[in-house]
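For the sequence shown, my numbering gives the first residue as -7, with consecutive numbering after it. In this text, a Cβ means the ideal position worked out from N, Cα and C, and glycines have one as well. All figures in this text were calculated on a predicted structure; none of them were measured in a lab. Below is one structure; the comments refer to it alone.
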Amino acid sequence: MILICQSGFEDVTRAEAVLCGWRPLESGAGWIRVETPAGRPDATTLDLCFAHRAMLNPAELRGEGVNPLANALLEWFTASLRGEKVEVEWPMVFAAPIEVPGLGRRLGSVEDAFATSLKKRVARVARLARGDVPRGSGTVRGLHVWAADFGRLFASRDVWLGGQRRMGDDPLAPSRSYLKVEEAYGIAGVEPVAGETVADLGAAPGGWSYSAARRGAIVIAVDNGPLKGGALGHAGIRHVREDAFKFRPEADARFDWLFCDLVEEPHHVLDLLHKWVAEKFCRRFVVNLKFGRTDAIALLDTVRRSSRSPARLCSRLTVRHLFHDREEFTLVGEV
């Protein structure tokens, strides 16, 4: 498999692969190539955190220029179509690490040449191609191409998707963290709706509160710090100046959502989430854990398997290193 991750997070992606029982073979900016020994599950049966995508059974294609690469890809792809009926839209995604100057531009030229030749070879199949990564998570069939360098491509028909994706900004959002919760809704497959209640612990400056309130939710923003931007004075947001660790719902109250993006020691935040889930103070949650000063893989293992984790009390718990996350990962779950 080829695991695609955020550039700069190759080491933790490799460590998670080892935790899965896979053997890392090589890596580059934003990717790890791993071998899955016989008897070990692949990405389709696991729930990876740091890999945004996993290319299953990839082919390695080489060429000294745009046309040789495009031709090699065309021959491989059309050979893979033999005996297969393509009757619905399918994703055709070309990607490259932005850290390698000029590589994305080169890959774009390869994509153009490949698309032109594909239309001539199998016009009906080419017309059904779509260039966007599908929303949601799970395994999809199509064509995913990753540029390892200027003369080397990996290509796969089957790709596991973690659901991460880049989100559009909002000029009224008080902070960049707004993008993280917007992305998390896609992982959850659901978002706050009008009339639902949200407790946002450590809300300031209010990016997550604003995200829920703009959808019509009723938000309690808990933070001693000030709200800003679109969150300041918003009719759907009540600012409670209180310590997030001490805040509790009123008697018999239950929030539809718990939000928490505290810049605190991650195990303390995990204990706070465990308490909220155990006491059934919320139905769903989006919580960030910062791992900048701790072992990210050990923390991930704690979230998934330790007694400190809320996992056993949830009908669903998903952990993802989001596109908009940095040294943190996001927990999305339902009680």
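DSSP state of residue i mapped onto helix, strand, coil
{"i": "V136", "result": "A small correction: the amino acid at residue 136 is His; Val does not occupy that position in the sequence shown. If DSSP states are grouped into helix, strand and coil, H136 belongs with the strands."}
{"i": "R275", "result": "strand"}
{"i": "N59", "result": "helix"}
{"i": "T37", "result": "helix"}
{"i": "L153", "result": "strand"}
{"i": "V311", "result": "strand"}
{"i": "S148", "result": "strand"}
{"i": "R158", "result": "coil"}
{"i": "R45", "result": "strand"}
{"i": "R119", "result": "helix"}
{"i": "A51", "result": "strand"}
Cα-Cα separation between residue i and residue j, rounded to whole angstroms
{"i": "A191", "j": "F42", "result": "27 Å"}
{"i": "K112", "j": "R149", "result": "20 Å"}
{"i": "E257", "j": "R25", "result": "32 Å"}
{"i": "S201", "j": "N280", "result": "14 Å"}
{"i": "A62", "j": "E52", "result": "13 Å"}
{"i": "W68", "j": "L145", "result": "12 Å"}
{"i": "G13", "j": "R296", "result": "16 Å"}
{"i": "P60", "j": "L99", "result": "12 Å"}
{"i": "P197", "j": "K267", "result": "25 Å"}
{"i": "A245", "j": "E271", "result": "11 Å"}
{"i": "G31", "j": "M(-7)", "result": "15 Å"}
{"i": "F86", "j": "D215", "result": "43 Å"}
{"i": "P93", "j": "E8", "result": "28 Å"}
{"i": "L153", "j": "T131", "result": "6 Å"}
{"i": "T5", "j": "G217", "result": "35 Å"}
{"i": "W138", "j": "I90", "result": "12 Å"}
{"i": "V102", "j": "R116", "result": "21 Å"}
{"i": "G187", "j": "T70", "result": "51 Å"}
{"i": "A147", "j": "F247", "result": "45 Å"}
{"i": "R308", "j": "P126", "result": "22 Å"}
{"i": "R312", "j": "A176", "result": "9 Å"}
{"i": "A209", "j": "L193", "result": "15 Å"}
{"i": "L250", "j": "Q(-2)", "result": "27 Å"}
{"i": "V261", "j": "V58", "result": "50 Å"}
{"i": "A165", "j": "E319", "result": "21 Å"}
With 16 other Cβ atoms within 10 Å as the buried cut-off, status of residue i
{"i": "S299", "result": "exposed"}
{"i": "L305", "result": "exposed"}
{"i": "K77", "result": "exposed"}
{"i": "S301", "result": "buried"}
{"i": "R74", "result": "exposed"}
{"i": "L17", "result": "exposed"}
{"i": "K238", "result": "exposed"}
{"i": "V173", "result": "buried"}
{"i": "G123", "result": "exposed"}
{"i": "D39", "result": "exposed"}
{"i": "T335", "result": "Residue 335 lies beyond the range of the chain shown here (-7 to 327); nothing can be said about it."}
{"i": "A105", "result": "buried"}
{"i": "R45", "result": "buried"}
{"i": "D235", "result": "exposed"}
Range covered by the beta strand (DSSP E) that runs through residue i
{"i": "T189", "result": "189 to 193"}
{"i": "V10", "result": "Element bounds for V10: not the beta strand (DSSP E) but the alpha helix (DSSP H), 2 to 11."}
{"i": "G173", "result": "Note that residue 173 is Val in the sequence shown here, rather than Gly. First-last for V173: 170 to 180, but that is the alpha helix (DSSP H), not the beta strand (DSSP E)."}
{"i": "V324", "result": "320 to 326"}
{"i": "L250", "result": "247 to 252"}
{"i": "V211", "result": "210 to 214"}
{"i": "L(-5)", "result": "-6 to -4"}
Segment limits, alpha helix (DSSP H) that includes residue i
{"i": "H231", "result": "Not the alpha helix (DSSP H): H231 falls in the beta strand (DSSP E), residues 229 to 232."}
{"i": "V125", "result": "Careful: V125 lies outside any alpha helix (DSSP H) and carries neither H nor E."}
{"i": "G22", "result": "Taken as a continuous stretch (DSSP letters only), G22 belongs to no alpha helix (DSSP H), as it is neither H nor E."}
{"i": "L224", "result": "That residue, L224, is in no alpha helix (DSSP H); it is neither H nor E in DSSP."}
{"i": "A270", "result": "258 to 270"}
{"i": "A204", "result": "199 to 205"}
Runs of 3 residues minimum, wholly inside the region 66 to 116: which ones carry the beta strand (DSSP E) assignment?
Runs of the beta strand (DSSP E) lying entirely within the region 66 to 116, each at least 3 residues long, are 82 to 87 in chain order.
Quick one: complete alpha helix (DSSP H) runs, 4+ long, within the region 273 to 308?
Every unbroken stretch of the alpha helix (DSSP H) spanning 4 or more residues and falling wholly within the region 273 to 308 is given here in chain order: 288 to 297.
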